[in-house]
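Its first residue numbered 2, the sequence shown is counted upward by one per residue in the numbering used here.
What follows is a short report on a single structure.
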Amino acid sequence: MKKFLSITFVFAFIATLLAASASASIPNLLNLKSIDKIVDISNIPEISGDFAIRGRQDLRVRVFVHGPKAGNHTQQATSLICEDSRSGAVVGGAGWKLTTSAPVKYKLNQSSAPSSVRSSVPTFVSTSFNKWTAAITLDGTTSAKPNLAYDGLTSVSRSRFDSQNIIAWGRTNRSTLGATYIWYYTATGIVAEVDTIMNNRISWNLTCSTGYYNAENIMIHELGHWFGLDDEYDSPYVENTMFGYGSKGEIKKISPEQGDIDGLNIIY
C-alpha cells in the first residue's frame, strides 16, 4: 500500500511540473487579442483588420474587405434595393485622414475592369470622389478639402506599398466585393498610401439589376475609407453608404446619407 502511494505521489508531482512548464511557455489565450498582429509590408493579407508593419514603426495598414451579407442580397425585392432611403446614423472615423496640403493622386487600371463597366470607370470614380469632397463643409476648423487628382493609368492590379494610390479590378477572395488597403502614419494619422481592388470574378453593371452588383454603388463605399470613414454593421446603418455589406442590384450607397456626411465632417 505504501509503495502504491509513493508511486502515485511521484506521478502527481511530475504532472504538476509538466503543467507548470506548459503554462509558462504557452501564451494565455485570453490575452491573445492584446498581441498586435505584425505583417510584412510586401505581403498584406486580405483580411479585415488593422496591422502593425514589420520594421516600420511609423506606419500601420488597415484592410477593409467589403462583402455580401449571407442571404441578404437574394432576399430583397427589386423595389427595395433600387430605393435610396435616408439615414441620419452618424458613421464613425477609422483613425486617419487624407492630406489637404497637396493633391492626392490616384491611378486607374481601367483595362482590368469588366467590359460591362470599363468605359465608365473614370467617370464614376471621379464622381464618387467629388461626392465625398463636396460633402465636407469649410468652416472655422476646416480651411481646405482633400484634392483627389487623376494621375493616369496603371497596369498594377494588386495592392502593394509602391508609392502610388491605385483603383483596379483584380483577384480577391471569392466572396469579396471590394477590398481597400490604407497605409497611414501613426504619428499624424495622415494617409501615406491607399489601394482599392474590386473583385474581377463577379458580375458588375451600372444599373439596378438583381443579377449584378452596381460598380458605382460599391466603389463610393470603398472610397469613403480613403477619407477615413469606418465600416458600420449595426441595423441603424443599413441605409448608409458606409454600411459594411453590399447587395446585388443595390444603388442606395451611391449618394452619401446625412449620417455619412456628418461622420466625414467630424474627421475634417
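Backbone N, C-alpha and C define an ideal beta-carbon position, used for all residues, glycine too.
Legend entry - Exposed unless 16 or more other CB atoms sit within 10 angstroms - verdict on Lys106: Within the sequence shown, the letter at position 105 stands for residue 106. Lys106 is exposed by the Cβ-count criterion.
Inset, instruction - Output yes or no for whether 9 Å exceeds the beta carbon distance between Pro237 and Ser88. - result: Taking the sequence shown and counting its residues from 1, the one referred to as residue 237 is at position 236. Taking the sequence shown and counting its residues from 1, the one referred to as residue 88 is at position 87. Yes, the Cβ-Cβ distance between Pro237 and Ser88 is below 9 Å.
Inset, instruction - Check whether the region 123-132 touches the region 173-183, counting contact only when three or more Cβ pairs, one atom from each stretch, lie closer than 8 Å. - result: no
Inset, instruction - Could you work out which residue in Ala90, Val126 and Leu207 is closest to Ile262 when comparing CA atoms only? - result: To locate residue 262, count along the sequence shown from 1; it is residue 261. Closest option to Ile262, Cα to Cα, is Ala90.
Legend entry - Reference Trp170, options Asp163, Arg119, Thr138 and Lys146, closest by Cα: The residue you call residue 170 lines up with position 169 of the sequence shown. Ranking the options by Cα distance to Trp170, first place goes to Arg119.
Inset, instruction - Could you tell me how far apart the beta carbons of Val195 and Asn166 are, in whole angstroms, since I believe they sit closer than 8 Å? - result: Here residue 195 refers to the residue found at position 194 of the sequence shown. Here residue 166 refers to the residue found at position 165 of the sequence shown. Yes, they are in contact, since the Cβ atoms of Val195 and Asn166 sit about 5 Å apart, within 8 Å.
Inset, instruction - With DSSP collapsed to three states, give me the class of Trp170. - result: Mapped onto the sequence shown, residue 170 falls at position 169. Strand at Trp170.
Inset, instruction - Put Leu154 into one of helix, strand or coil per three-state DSSP. - result: Translated into the one-based positions of the sequence shown, residue 154 becomes position 153. Of the three classes helix, strand and coil, the one that applies to Leu154 here is strand, per DSSP.
Legend entry - 6 Å Cβ shell around Tyr234 - same chain, five flanking residues per side excluded: Mapped onto the sequence shown, residue 234 falls at position 233. Excluding positions up to five away in sequence, the list reads Gly245.
Inset, instruction - Determine the burial state of Phe228: buried for a count of at least 16 other Cβ atoms within 10 Å of its Cβ, exposed for fewer. - result: One-based indexing of the sequence shown puts residue 228 at position 227. Flag for Phe228 reads buried.
Inset, instruction - Could you check the C-alpha separation between Thr124 and Ser117 for me, to the nearest Å? - result: On the sequence shown, residue 124 is found 123 positions in, with the first residue counted as 1. On the sequence shown, residue 117 is found 116 positions in, with the first residue counted as 1. In a straight line, the C-alpha of Thr124 is about 14 Å away from that of Ser117.
Inset, instruction - With DSSP as the reference, please indicate the residues paired to Met199 in a beta bridge. - result: Walking along the sequence shown from the start, residue 199 turns up at place 198. Met199 pairs with Trp170 and Gly179.
Inset, instruction - Put Trp133 into one of helix, strand or coil per three-state DSSP. - result: If you number the sequence shown from 1, residue 133 lands on position 132. Looking at Trp133 - three-state DSSP - the assignment turns out to be helix.
Inset, instruction - Give the straight-line distance between the Cα atoms of Ser204 and Gly141, rounded to the nearest whole angstrom. - result: Along the sequence shown, read from residue 1 onward, the residue named residue 204 stands at position 203. Along the sequence shown, read from residue 1 onward, the residue named residue 141 stands at position 140. Cα to Cα, the separation comes out at about 45 Å.
Legend entry - Close-in-space but distant-in-sequence residues of the same chain around Glu47 (CB under 8 Å, 5 per side omitted): Taking the sequence shown and counting its residues from 1, one reaches residue 47 at position 46. These residues qualify, in order along the chain: Val64, Val66, Thr173, Asn174, Thr177 and Ala180.
Inset, instruction - May I have the straight-line CA-CA distance separating Met243 from Glu258, to the nearest angstrom? - result: Reading the sequence shown from its first residue, position 242 is the one you call residue 243. Reading the sequence shown from its first residue, position 257 is the one you call residue 258. The alpha-carbon atoms of Met243 and Glu258 are separated by roughly 9 Å.
Inset, instruction - Round the Cβ separation of Gly264 and Gly93 to the nearest angstrom and send it over; I've been treating them as touching at under 8 Å. - result: Within the sequence shown, the letter at position 263 stands for residue 264. Within the sequence shown, the letter at position 92 stands for residue 93. Indeed they touch by this definition, with Cβ atoms about 6 Å apart.
Inset, instruction - May I have the straight-line CA-CA distance separating Ile219 from Lys254, to the nearest angstrom? - result: The residue you call residue 219 lines up with position 218 of the sequence shown. The residue you call residue 254 lines up with position 253 of the sequence shown. Their backbone Cα atoms lie some 7 Å apart in a straight line.
Legend entry - Given Tyr182 as reference, the closest of Thr138, Asp51, Ile39 and Thr134 once Cα atoms are compared: Here residue 182 is taken as the residue at index 181 of the sequence shown, counted from 1. For the residues Thr138, Asp51, Ile39 and Thr134, the minimum Cα distance to Tyr182 belongs to Asp51.
Inset, instruction - Quick one: residues in its chain with C-beta nearer than 6 Å to the C-beta of Lys70, no 5 flanking neighbours on either side, listed in chain order? - result: Within the sequence shown, the letter at position 69 stands for residue 70. Cβ within range, chain order: Tyr246.
Inset, instruction - Would you kindly report the start and end of the unbroken beta strand (DSSP E) that includes Ile219? - result: The sequence position of residue 219 within the sequence shown is 218, counting from 1. Where Ile219 is concerned, there is no enclosing beta strand (DSSP E), although the alpha helix (DSSP H) it sits in stretches over Ala216 to Trp227.
Inset, instruction - Can you give me the Cβ contacts of Thr138 inside the same chain, cut-off strictly under 7 Å, excluding the 5 residues immediately before and after it? - result: The residue labelled residue 138 in the question sits at position 137 within the sequence shown. These residues qualify, in order along the chain: Asn266.
Legend entry - When Asp232, Ser121 and Ile268 are compared against Gly68, the one with the closest alpha-carbon: For the purposes of this step, residue 68 is identified with residue 67 of the sequence shown, where counting begins at 1. It is Asp232 whose Cα lies nearest to the Cα of Gly68.
Inset, instruction - Starting from Leu139, follow the beta strand (DSSP E) in both directions and report where the run begins and ends. - result: Stepping through the sequence shown from its first residue, residue 139 is reached at position 138. Leu139 -> no beta strand (DSSP E), and no H or E assigned at all.
Legend entry - Selected residue, minimal CA-CA separation from Leu99, among Thr143, Tyr214, Val122 and Ser160: The residue labelled residue 99 in the question sits at position 98 within the sequence shown. Of the candidates Thr143, Tyr214, Val122 and Ser160, the one whose C-alpha sits nearest the C-alpha of Leu99 is Thr143.
Legend entry - Val91 in three-state terms, based on DSSP: As a first step, residue 91 must be located in the sequence shown, where it is residue number 90. Val91: coil per DSSP, three-state reduction.
Legend entry - Range of the contiguous beta strand (DSSP E) that encloses Gly260: Counting from one through the sequence shown, the residue named residue 260 turns up at place 259. Premise fails: Gly260 lies in the alpha helix (DSSP H), Gln259 to Ile268, not in any beta strand (DSSP E).
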